[in-house]
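Visitor:
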Amino acid sequence: QKEVEQDPGPLSVPEGAIVSLNCTYSNSAFQYFMWYRQYSRKGPELLMYTYSSGNKEDGRFTAQVDKSSKYISLFIRDSQPSDSATYLCAMITSSSASKIIFGSGTRLSIRP
Amino acid sequence: EAGVVQSPRYKIIEKKQPVAFWCNPISGHNTLYWYLQNLGQGPELLIRYENEEAVDDSQLPKDRFSAERLKGVDSTLKIQPAELGDSAVYLCASSFSQAGNNEQFFGPGTRLTVL
Chain Z
357 QKEVEQDPGP
367 LSVPEGAIVS
377 LNCTYSNSAF
387 QYFMWYRQYS
397 RKGPELLMYT
407 YSSGNKEDGR
417 FTAQVDKSSK
427 YISLFIRDSQ
437 PSDSATYLCA
447 MITSSSASKI
457 IFGSGTRLSI
467 RP
Chain S
12 EAGVVQSPRY
22 KIIEKKQPVA
32 FWCNPISGHN
42 TLYWYLQNLG
52 QGPELLIRYE
62 NEEAVDDSQL
72 PKDRFSAERL
82 KGVDSTLKIQ
92 PAELGDSAVY
102 LCASSFSQAG
112 NNEQFFGPGT
122 RLTVL
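The listed protein sequences correspond, in order, to chains Z and S.
Heads up, the first sequence is in our numbering, so the first residue is 357 and it goes up one at a time.
Heads up, the second sequence is in our numbering, so the first residue is 12 and it goes up one at a time.
What follows is the structure, given as structure tokens:
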């Protein structure tokens, strides 16, 4: 069993829809949770970074962490075609830890 | 500010041939990482450098893979000999490691195809 599980998709939604992306994990030592966005033929770029349980909002993006269920989510409101990319969840055990454990990524397509 | 630079962007070789990838991290970043990303998977760490020192190479297949980071700046990752299963994207990332902030910045990757 992988430490981090993520539905690979692909997920296709119409422009303007709310998108929900999710990951589950098994290692209770994970403390910091991240979402990366990766466009085709590009490297991943950090989108959201949260610590422990709770919500964090940044513009159209909301990251949610539920440590009791070992479940994290990323919500995208008013989705745009430019949001079409692969979204990778990622986790580390502490703020100074360098080893990131990535999910396999969910491929998202926003239809105009 | 320039991002992480990698070259070549694409490489096609025949199995058993050697191949090398080059990475130039963001200026001032002391930590450098090499990741392997297979199709449909997330990146997996191969090796991490703190300045010139390889501090985590536990996932590097040392029988055929080698890496170096001379002078603590640029880095080279080498495969010799390459196998069919090495076809993947090789990502380089860098960060300025300090307490509470360890954001890694990724390059565009080198896409390797082994025939």
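For each residue, glycine too, the CB sits at the ideal point set by N, CA and C.
Because the structure is a prediction, the values reported are computed rather than measured.
Residues in the region 411-443 of chain Z with C-beta within 7 Å of chain S's C-beta atoms, listed in sequence order?
Guide: Answer set for the region 411-443 of chain Z: empty.
Visitor: Would you report the Cα separation of S:Pro36 and S:Glu63, rounded to the nearest angstrom?
Guide: If you take the alpha carbons of S:Pro36 and S:Glu63, they lie about 13 Å apart.
Visitor: Provide the residue span of the beta strand (DSSP E) that contains Z:Thr449, from first to last.
Guide: Element bounds for Z:Thr449: n/a, residue is neither H nor E.
Visitor: Going by DSSP, what residue range makes up the beta strand (DSSP E) through S:Gln48?
Guide: It spans Thr42 to Gln48 - the beta strand (DSSP E) in which S:Gln48 sits, taken as one unbroken run.
Visitor: Assuming Z:Gln362 and Z:Ser382 are in contact, meaning their beta carbons sit under 8 Å apart, how far apart are those beta carbons, in whole angstroms?
Guide: The pair is not a contact, with the Cβ atoms about 13 Å apart (cut-off 8 Å).
Visitor: Does the pairing of the region 433-451 of chain Z with the region 370-384 of chain Z give three or more beta-carbon distances under 8 Å?
Guide: Cβ pair count under 8 Å is three or more, so yes.
Visitor: Taking its Cβ as the centre, do 16 or more other Cβ atoms sit within 10 Å of S:Gln115, making it buried, or is it exposed?
Guide: Under this definition S:Gln115 is a buried residue.
Visitor: Let me confirm a value: Z:Ser396 is counted as buried when at least 16 other C-beta atoms fall within 10 Å, else exposed. Which label applies?
Guide: Flag for Z:Ser396 reads exposed.
Visitor: Applying the criterion that 16 or more other CB atoms from any shown protein chain within 10 Å of the CB defines a buried residue, is S:Leu47 buried or exposed?
Guide: S:Leu47 comes out buried.
Visitor: Output the residue ranges of the beta strand (DSSP E) runs that lie fully inside the region 39-124 of chain S and measure 3 residues or longer, sorted by chain position.
Guide: DSSP runs (the beta strand (DSSP E)) wholly in the region 39-124 of chain S: 42-48, 55-61, 64-67, 76-79, 86-90 and 99-106.
Visitor: Kindly indicate the opening and closing residues of the beta strand (DSSP E) around S:Ser18.
Guide: Looking at the DSSP string, the run of the beta strand (DSSP E) that includes S:Ser18 is Val16 to Ser18.
Visitor: For S:Thr121 and Z:Glu401, what's the separation of their Cα atoms in angstroms?
Guide: Rounded to the nearest angstrom, the two C-alpha atoms are 16 Å apart.
Visitor: CB-CB under 7 Å to S:Pro119, same chain, minus the five flanking residues each way: which ones, in chain order?
Guide: The answer, listed in chain order, is Gln17 and Arg20.
Visitor: Check the Cβ-Cβ distances between Z:Arg393 and every residue of chain S, and say whether any is below 8 Å.
Guide: So no, Z:Arg393 is outside the interface.
Visitor: What's the C-alpha gap between Z:Lys426 and Z:Ser460?
Guide: Roughly 17 Å between the two C-alpha positions.
Visitor: In angstroms with no decimal places, state the Cα-to-Cα distance between Z:Asp422 and Z:Leu430.
Guide: Spanning the two alpha carbons is a distance of roughly 12 Å.
Visitor: I'd like to know whether the C-beta atoms of Z:Met447 and Z:Tyr392 end up nearer to each other than 8 Å.
Guide: Not closer than 8 Å, so no.
Visitor: Check whether the Cβ atoms of S:Lys89 and S:Ser77 lie closer than 8 Å to each other.
Guide: Closer than 8 Å, so yes.
Visitor: With DSSP as the reference, identify every bridge partner of Z:Asp422, one or two as the case may be.
Guide: Paired residue(s): Z:Tyr427.
Visitor: Output, in sequence order along the chain, the residues in the region 38-72 of chain S whose CB is closer than 9 Å to any CB in chain Z.
Guide: Listed by position, the residues of the region 38-72 of chain S near chain Z (Cβ gap below 9 Å) are Thr42, Tyr44, Tyr46, Gln48, Gly51, Gln52, Gly53, Pro54, Glu55, Leu56, Arg59, Glu61, Val66 and Asp67.
Visitor: Could you pull out every residue in the same chain whose Cβ sits closer than 6 Å to the Cβ of Z:Ile456, ignoring the five residues on either side in sequence?
Guide: Ala446 and Ile448.
Visitor: Below 8 Å on the Cβ atoms is my contact criterion, and I expect S:Thr87 with S:Glu79 to pass it. Report the Cβ-Cβ distance as a whole number of Å.
Guide: S:Thr87 to S:Glu79, Cβ: 6 Å. Contact.
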